[in-house]
Amino acid sequence: MKVLITGAGGQLGRDLVEAFAEVAPGVGDLIAIEHGNLDVGDEDAVRAAVDAYRPEVVVNAAAWTDVDGCETDPARAHRVNALGPWWLARACARRGARLITVSTDHVFSGPAPVDGAGQPRGWSEFDAVAPVNAYGRSKAAGDELVRRTLAEHHIVRTSWVSGARGRNFVATMLQLARERGEVAVVDDQFGSPTWTRDLARAIVELARSDRYGTWNRTNRGTCSWYELAAAVFEMSGVEADLTPQPSSALERPAPRPAWSVLDPLHAEASGLLELPHWRDALERLLEEMKG
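In my numbering, the protein residues as written are 6 to 296.
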């Protein structure tokens, strides 16, 4: 299997490169391209890269994930997050390749859906999208363009991603605690924290399967950002004065969904890997960050 990874220099991209090399015996050529060498928003460049390398599978880890930046520059967000996956899907269709592209919980709206008993449930792959910000709209558009263009595709929705190499919530909490000694974190937004190494292994699994379509791939369990911060400090042994605050206390250009929990039922019932609980993943992430 010949695999081309875009966005290979990002926190997920780096773990994808290692996961394909270590976890997937039978992978032949592995081509890892960082953003500086391929702008997925450039159709000609994308077509040229896919034609030159002739991959069997393209894994798109390239995206503009600055939520507030996307809100202030929606044109750039659309070019990278919507047109980028589309250009890749079109190029894959020409070459007979498959595409795996990474999506987000931000395609959904704020309030939690409820089950038959009136209790909050996670978003499924079949719930209607209703993004509340430009980032989510750009990603939802990219997902739909891929669906319309390429039958053999995998759209991987994930949430609250952190890796040992890159900017993310876990790294920010540790930095703020050490620099200030006190941190205020919102306690009214809920999601499923996901470690990039677990996510990368789930993507490798899809690359080696014929499970086409949209899949929720996150670590198990649910927490608030405040609860996640508390777990970071507890597990790392870093002391900080942690206080909760409402989302309304933050002045940000882009609103955030209040409920980012993704339901893994469809993926697991289809025979895909059950990912570990987020606390287990966080413990392993913090251990890796020490090294």
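Ideal placement from N, C-alpha and C gives every residue a C-beta, glycine not left out.
These numbers come from a predicted model, not from an experiment.
- Under the three-state reduction of DSSP, R225 is assigned to strand.
- Under DSSP, A37 forms a beta bridge with I10.
- Taken atom to atom, the span from the alpha-carbon of V191 to that of L233 is near 10 Å.
- Boundaries of the beta strand (DSSP E) harbouring A189: 187–191, taken from the DSSP string.
- Fewer than three beta-carbon pairs drawn from the stretch 148–161 and the stretch 169–181 are found closer than 8 Å, and the two stretches are therefore not classed as touching.
- Apart from sequence neighbours up to five positions away, no residue of its chain approaches G123 with a beta-carbon distance below 7 Å.
- In the three-state scheme derived from DSSP, where H, G and I count as helix and E and B as strand, V64 is classed as strand.
- Taking a cut-off of 8 Å on C-beta distances, the stretch 117–136 touches the stretch 251–266, as three or more cross pairs fall below it.
- In this structure, I105 and V64 form a Cβ contact; the two beta carbons are roughly 5 Å apart against a cut-off of 8 Å.
- Rounded to the nearest angstrom, the Cβ distance from W69 to V85 is 4 Å, consistent with a contact under 8 Å.
- A Cβ-Cβ contact shorter than 8 Å links A67 with V45.
- In this model, D268 and N221 are separated by some 7 Å (Cα to Cα).
- Note on geometry: alpha-carbon atoms of A245 and G186 lie some 5 Å from one another.
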